[in-house]
Amino acid sequence: MSSNKTVTHGQIPAGRPAAEPHPQAQGRFYEPVILSRLQQEILSILDDFLLICETYHLEYFGIAGTGIGAIRHKGFIPWDDDIDIAMPRKDFEKFLKIVQKKMGDKYLVLNAKTCPAYPLMTTRLVKRGTVFIEEVMKDVDCPFGIFLDLYVLDNVSDNPVMYQVQSWTAWFFSKLMILRAIPKPTLAQKGWKAKLIWSVCGLVYSSMKLLCISPEGLRRRCEAVCRRYEKIDTDRMAFLPDTSPYWNLVDKRKYHPLRKIEFEGRRINFPGNIEEMLINMYGDFMELPPAEKRKTHYPYKLSFSGGENPGV
């Protein structure tokens, strides 16, 4: 594996068609052979996830970039390095118990409950014996590895005003969780705007440290807001602590029946109205974005199964 080959910013490695510029993130590139190996590792996690869901009749479905990949490419978006799966709260909680009991020797469940230092409200199903540490997470003390991204969907208010209150409160606490661990998070903004936001982030980080605000306390508050309507049969469910609380909003009256769509030679579940959901998130998702807007989670450190280190 030619992992030590130097690739400069904006360069397209030999053998890769110009129509598909090499994936980049923060000025860093995956070599095609490394990205392919990473995707295969992730697919092996997906296969075990699907086995549990099918065996125990648990509901799940692909969302976000995984939905785009399935519809547009019948698999991964060519530069993508993760798989996004959503589960209703009830199925999600059952899955966590089963995977820890049946496959605990192979996988670990990483979230803010199992590892208080973890700064996100997502859950990662991490393959033991691997390492995948993103640059922004390099100082976070968690057992990071190659993973499947899981998003738990909670019932949300059908009242527009109450939904606003619930969604933005959850969003607020989830962002405090990030700032409690990462004083300089990754931003979409550049230049003076980024410097200004980072200054504010640093102030918030220092203030929470000074006031002894714990990551666990923030997680509990965020989760309580997300689960506020758990015992009420609402028409919608969502993963609220997202980039936007309106992104992964699922209308229960529309997403059934689930659809099987091809993804890397497998047929996996997607919402019946997946196209509508993707348009809500991305607009014209069938159009390839320009190279500079193609995002990955390029790692600070990467190690495959068996300890194989590709030099990242």
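In case it helps, UniProt numbering puts the sequence shown at residues 1 to 312.
Even for Gly, the Cβ is constructed at its ideal location relative to N, Cα and C.
Since this is a predicted model, take the numbers as computed values, not measurements.
The criterion of a C-beta distance shorter than 8 Å is not satisfied by F92 and E264.
In the DSSP annotation of this structure, the continuous segment of the beta strand (DSSP E) that includes R236 starts and ends at 236–238.
Taking the Cα positions, I178 is about 34 Å away from Y56.
Annotation for K127: the continuous beta strand (DSSP E) segment containing it runs 123–127. With a beta-carbon spacing of about 19 Å, C222 and M137 fall beyond the 8 Å limit used to define contacts.
With a minimum length of 4 residues, the unbroken runs of alpha helix (DSSP H) contained wholly in the stretch 233–312 fall at 274–282. Y30 sits in coil when the DSSP states are folded into three classes, being neither helix nor strand. At the C-beta level, D47 and G65 stay beyond 8 Å of one another.
Looking at the DSSP output, D154 bridges to A238.
A distance below 6 Å between beta-carbons, with the five flanking residues on each side excluded, links A112 to the following residues of its chain, in chain order: Y118, R219. When DSSP states are grouped into helix, strand and coil, E230 belongs to the coil group. Under the Cβ criterion (8 Å, minimum of three pairs), the stretch 228–245 counts as touching the stretch 163–170.
The alpha carbon of F304 has as its nearest neighbour, out of Y30, G202, R37, L249, the alpha carbon of R37. Residues F132, I133, E134, V312 of the same chain have their beta carbon placed closer than 7 Å to that of P299, with the five preceding and five following residues left out of the count.
Look at the stretch 70–155 and you find these whole runs of alpha helix (DSSP H), each 4 residues long or longer: 89–102. Of the residues assessed, I42 falls on the buried side of the cut-off, its CB having 16 or more other CB atoms within 10 angstroms. Straight through space, the alpha carbons of F270 and E276 are spaced by roughly 12 Å. Proximity to E31 across I52, E54, P78 peaks at P78, based on C-alpha coordinates.
I178: member of the alpha helix (DSSP H) spanning 160–181, first to last residue. Contact between I52 and V99 holds, with the beta-carbon distance rounding to 6 Å and staying under 8 Å. Annotation: the continuous alpha helix (DSSP H) that includes S199 extends over 191–210.
Rounded to the nearest angstrom, the gap between the Cα atoms of Y205 and G217 is 15 Å. Nearest neighbour of I63 by Cα position, chosen from A86, K195, L240, L35, turns out to be A86. Within the same chain, Cβ atoms closer than 6 Å to the Cβ of I34 are found at P310, the five residues on either side in sequence being excluded.
With respect to the 8 Å criterion, T114 and V152 are not classified as neighbours on the basis of their beta carbons. In this structure, G145 is the residue among R259, G145, K74, I68 with its C-alpha nearest to the C-alpha of K106. Bounds of the alpha helix (DSSP H) holding I68 are 64–68.
Taking the Cα of Q39 as reference, the smallest distance to any Cα among F49, M103, I83, D149 is reached at I83. Contact check for D158 and D251: beta-carbon distance about 10 Å, past the 8 Å limit, so the pair fails to qualify.
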